[in-house]
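**Student:** Using this note's numbering, read the sequence shown as starting at 1 and increasing by one per residue. Think of the CB as a built atom: it goes at the ideal place given N, C-alpha and C, for glycine as much as any other residue. Take a look at this one; I'll ask things after.
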Amino acid sequence: MRDPRYDILFEPMRIGPATAKNRFYQVPHCNGGGYRDPSAAAEMRRIKSEGGWGVIFTEQTEMHHTSEITPFIELRLWDDADIPALAKMARAMHEHGALAGIQLAYSGINGPNLYTKEVPRGPSALPIRTFTNDPVQARAMDKQDIRDLRRWHRNAFKRARQAGFDLVCLYGAHGFGIIQHFLSTATNQRSDEYGGSLENRSRLMRELIEEGRDAIGDTCGLTLRLSLDEMIGDLGFANSEVRDMIEMHAELPDLWDLAHGAWEDCSGPSRFKEEAAQESLVSGIKKLTSKPVVGVGRFTSPDVMVRMIKSGTLDFIGCARPSIADPFLPRKVEEGRIEDIRECIGCNICITGDMTMSISRCTQNPTFMEEWRKGWHPERMQAKGDSDSVLIVGAGPAGLEAARALGLRGYQVAIAEAGTELGGRVARESLLPGLSAWGRVRDYRQYQLGQMPNVDIYFESRLSADDILSFGFQNVAVATGSTWRRDGVARAHVVPMPIEAAMPLYTPDDLMDGKVPSGNVVLFDDDHYYMGGVLAELMARQGAKVTLVTPSAYVSDWTRNTLEQGAIHRRLVELGVDIVLNRTVTNIASGGVVTACVYTGARHELAADAVVLVTSRNQDDAVWRELKAREHEWADNGIRSIKVVGDAEAPGPIAWATYAGHRFARELDEPGIGDALPFRREVTALAAD
């Protein structure tokens, strides 16, 4: 049962008229579903209620059609037609005793209104500040606009209450909400009673909260989410002014919800942000108000959580990403199962769902957003089918997750690993700069497998097709991973590039094997995720003079979706890495490389002592291909199925591998579905003509 050290985390806490059963507070977070997939989003939140969270919030919910952030997919509360979907979510949150919260957002100068075609409105006339730099400007709100805005908020408060929510949060953080736009001198350049002094810039906030309380009466708590520091210099809303504002309005909201800076500051990946990274910014604020304070910091350790409470820093432990990685985190703490917590690794792959307008994923929790679509529960598996045994070839992320899930189903599982340790690529990549937390992918599964008597692990067991056919396992999963290519094939080159043998050539696998080049090194990054930037950092820290060349307009382009691209660029510049954008390497010679502009083809030579190619990967699927060619022998050897999974099927991010392993385990021995969809979806109903 629960360790008494953690009792403080389970104390009931008041938020205005509502009482949370404990201090575990799932702060608002997006999921890629929003208005398009409301049932999937609702069931995801219900699972968290089952997992023991005391407070559960929606994601950003657009409260009025004059401020929306298409193409990004969030929830909407534009009119009464949106209430049923939100009411379903509130009921799901309530199912196991959590308080249901909704975050209302009027995006102001972050709302380009590409769908509604309304003219955006903000405190001052300025360009829209969006991820995609939309060529749209907001007009300055006049007094009638402000009166309209206040009325729209009152309407939204009433609809939120009608939908059954216990808490309403006004969003003024991360640069995304109208309240922050009025508070910040960077976006509020007014000279009337809503601009200038801090008291004036706070006026709209006061009006919205006071009128909101009148609108919802004593049935709902009203919370306010603010950035702790805009981190944009003298014109921004700095931490010192945040403290002044809170002291000035200490008793205004029922709870202060505090989150650092822009989204990338608040939710930076573990490569750049440690657990509790925002502690110094929030420390001392609780002394300014009698109302409870919640803060975030990718909290995964119950000991750190307790320290945040006992030190007087926070009243509630705010979690988004940790609640995704393990929706049952509170229950595991309560039941004394700390070792079973599936800790967030801070890779931010969950955020990419929102950024790419797709259903979110989680590297650690492959059931995230599949709870309704596929009926996957994060802690429970269905019983095994009518076969008994499974051989898993390879102990990387796909193989380990398949073994864990199959073990829970009750199969007799054997893992054959060619090397001497578990983890595959995550064991290697977790040794690279900033990626140590990624080892949790291995550590969690290694511990779980160690508790299963029906799972056996065999090291130094590289298997041939003959071995696999002769062992007598009824089912086989080939999870043998992938290898980085040495020929430059990726996006810029779909066939091997010209390479002279005299040039020392390295791949990420070489560097992870400890073969790190020195001298003048050109790294060609046509992968565009984290690997190129990480290896440039590794070499620079070991004294090499690194030039990173990429066909993209950004270093590590795809990491814009994980909120770390800017941090990667800054880190490389600080380390002296030369960054060459919008150029591809056309060929590699004995003394250097030839690059070409991706737009004009203009050529330029770069001298080099060595070249590192971060391009694409080849599946290590030779044994699978041989087994497939010998499919006629399977039945005679007692084999019912053989499937290739993870990177051995098609290389991708680690989250793709854990998902593939989990899906294999879920679908083994299940009836075929033919051409039917492998998931449920919601289809827009046609309106009457």
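Are the beta-carbon atoms belonging to valine 577 and threonine 480 less than 8 Å from one another?
**Tutor:** No.
**Student:** Thinking glycine 638 and proline 327 are a contact (beta carbons under 8 Å), I'd like their distance in whole angstroms, please.
**Tutor:** Glycine 638 to proline 327, Cβ: 39 Å. No contact.
**Student:** Express the C-alpha separation of arginine 2 and glutamate 230 in angstroms, rounding to a whole number.
**Tutor:** Looking at the two C-alpha atoms, the distance is approximately 39 Å.
**Student:** Going along the chain, which residues of its own chain have a beta-carbon closer than 7 Å to the beta-carbon of valine 489, five neighbours each way excluded?
**Tutor:** Val495, Pro496, Thr615 and Ser616, listed in sequence order.
**Student:** Out of curiosity, what's the CA-to-CA distance linking isoleucine 56 and proline 84?
**Tutor:** So the alpha carbons of these two residues sit roughly 18 Å apart.
**Student:** Using only CA atoms, which one of Leu535, Glu68 and Gln474 lies nearest to glycine 543?
**Tutor:** When only C-alpha atoms are compared, the closest one is Leu535.
**Student:** Does the contact criterion of 3 or more C-beta pairs under 8 Å hold for the region 217-237 versus the region 157-169?
**Tutor:** Touching, per the Cβ criterion.
**Student:** At the level of alpha carbons, what is the spacing between glutamine 382 and alanine 665?
**Tutor:** C-alpha separation (whole angstroms): 10 Å.
**Student:** From arginine 380 to proline 651, what does the alpha carbon distance come to, in whole angstroms?
**Tutor:** One C-alpha to the other measures close to 28 Å.
**Student:** Take arginine 121 as the anchor and find which of Gly450, Ala42 and Thr187 has the nearest alpha-carbon.
**Tutor:** The candidate whose alpha carbon is nearest that of arginine 121 is Thr187.
**Student:** In the structure shown, what three-state DSSP assignment does proline 508 receive?
**Tutor:** DSSP places proline 508 in helix when its eight states are reduced to three.
**Student:** Which residues in the same chain have their Cβ closer than 8 Å to the Cβ of threonine 289, if we skip the five residues on either side of it in sequence?
**Tutor:** These residues qualify, in order along the chain: Ile246, Glu247, Ala250, Glu251 and Trp256.
**Student:** Starting from asparagine 618, trace the beta strand (DSSP E) in both directions and tell me its first and last residue.
**Tutor:** Its beta strand (DSSP E) spans residues 617-619.
**Student:** Pairing CB atoms from the region 32-44 with CB atoms from the region 70-90, are three or more of them under 8 Å?
**Tutor:** Result yes; three or more Cβ-Cβ pairs closer than 8 Å.
**Student:** Determine the extent of the beta strand (DSSP E) in which arginine 14 is found, giving its start and end residues.
**Tutor:** Here the beta strand (DSSP E) through arginine 14 covers 13-15.
**Student:** Can you find the residues in the same chain that come closer than 7 Å, C-beta to C-beta, to valine 644, ignoring five residues on each side of it along the sequence?
**Tutor:** Answer for valine 644: Val478, Asp621 and Trp624, listed in chain order.
**Student:** Can you give the beta carbon distance from isoleucine 345 to arginine 361, rounded, assuming they're within the 8 Å contact cut?
**Tutor:** Incorrect: roughly 13 Å between the Cβ atoms, too far for contact.
**Student:** Span of the alpha helix (DSSP H) holding alanine 655?
**Tutor:** First-last of the alpha helix (DSSP H) with alanine 655: 654-667.
**Student:** Taking a contact to mean a Cβ-Cβ separation below 8 Å, would you say serine 280 touches glutamine 26 in this structure?
**Tutor:** Not in contact: serine 280 and glutamine 26 (Cβ atoms no closer than 8 Å).
**Student:** Use the C-beta contact count for asparagine 133: other C-beta atoms within 10 angstroms, 16 or more gives buried, fewer gives exposed.
**Tutor:** Flag for asparagine 133 reads exposed.
**Student:** Since methionine 93 contacts arginine 23 with CB under 8 Å, what's their CB separation in whole angstroms?
**Tutor:** Wrong, their Cβ atoms sit about 17 Å apart, outside the cutoff.
**Student:** Would you tell me roughly how many angstroms separate the C-alpha atoms of methionine 13 and proline 253, rounded to the nearest one?
**Tutor:** Each residue's alpha carbon lies about 15 Å from the other.
**Student:** Please determine if the region 460-468 and the region 295-305 are in contact, where contact requires at least 3 C-beta pairs separated by less than 8 Å.
**Tutor:** The answer is no - the region 295-305 does not touch the region 460-468, with fewer than three Cβ pairs under 8 Å.
**Student:** Let me know if proline 678 comes out buried or exposed under the rule of 16 or more other beta-carbons within 10 Å of its beta-carbon.
**Tutor:** Under this definition proline 678 is an exposed residue.
**Student:** When DSSP labels each residue in this structure, what does leucine 204 get in the three-state scheme?
**Tutor:** Three-state result, leucine 204: helix.
**Student:** Tell me whether phenylalanine 471 sits in a helix, a strand or coil according to DSSP, three-state version.
**Tutor:** Helix, per DSSP.
**Student:** In the structure shown, what three-state DSSP assignment does tryptophan 438 receive?
**Tutor:** Helix at tryptophan 438.
**Student:** Which ranges does the beta strand (DSSP E) cover as unbroken runs of at least 3 residues, wholly within the region 41-71, from first to last along the chain?
**Tutor:** As far as the region 41-71 is concerned, its whole beta strand (DSSP E) runs of at least 3 residues are 55-62.
**Student:** Name, in chain order, the residues that DSSP records as bridge partners for threonine 684.
**Tutor:** BP columns for threonine 684 are empty, so no partner.
**Student:** Between aspartate 557 and the rest of its own chain, which residues show a CB-CB distance below 6 Å, the 5 nearest in sequence each way excluded?
**Tutor:** Here the set comprises His528.
**Student:** For the candidate residues Ala125, Pro4, Arg425 and Glu537, whose alpha-carbon lies nearest to that of glycine 396?
**Tutor:** Here the closest residue by C-alpha is Arg425.
**Student:** Is it right to say tyrosine 115 is buried, meaning 16 or more other beta carbons lie within 10 angstroms of its own, or is it exposed?
**Tutor:** Burial call: exposed.
**Student:** Are there 16 or more other CB atoms within 10 angstroms of the CB of aspartate 675, so buried, or fewer, so exposed?
**Tutor:** With fewer than 16 other Cβ atoms within 10 Å, it is exposed.
**Student:** Give every residue of the same chain whose Cβ lies closer than 7 Å to the Cβ of glycine 385, excluding the five residues on either side of it in the sequence, and list them in chain order.
**Tutor:** For glycine 385, where only same-chain residues beyond five positions count, the Cβ hits under 7 Å are Leu668, Asp669 and Glu670.
**Student:** Hey, threonine 762 and proline 269: beta-carbon distance below 8 Å or not?
**Tutor:** Because the chain spans 1 through 689 in this model, residue 762 falls outside it and cannot be assessed.
**Student:** Rank Glu429, Thr507, Ser301 and Val413 by C-alpha distance to the C-alpha of arginine 442 and give the top, closest one.
**Tutor:** Minimum Cα distance to arginine 442 is reached at Glu429.
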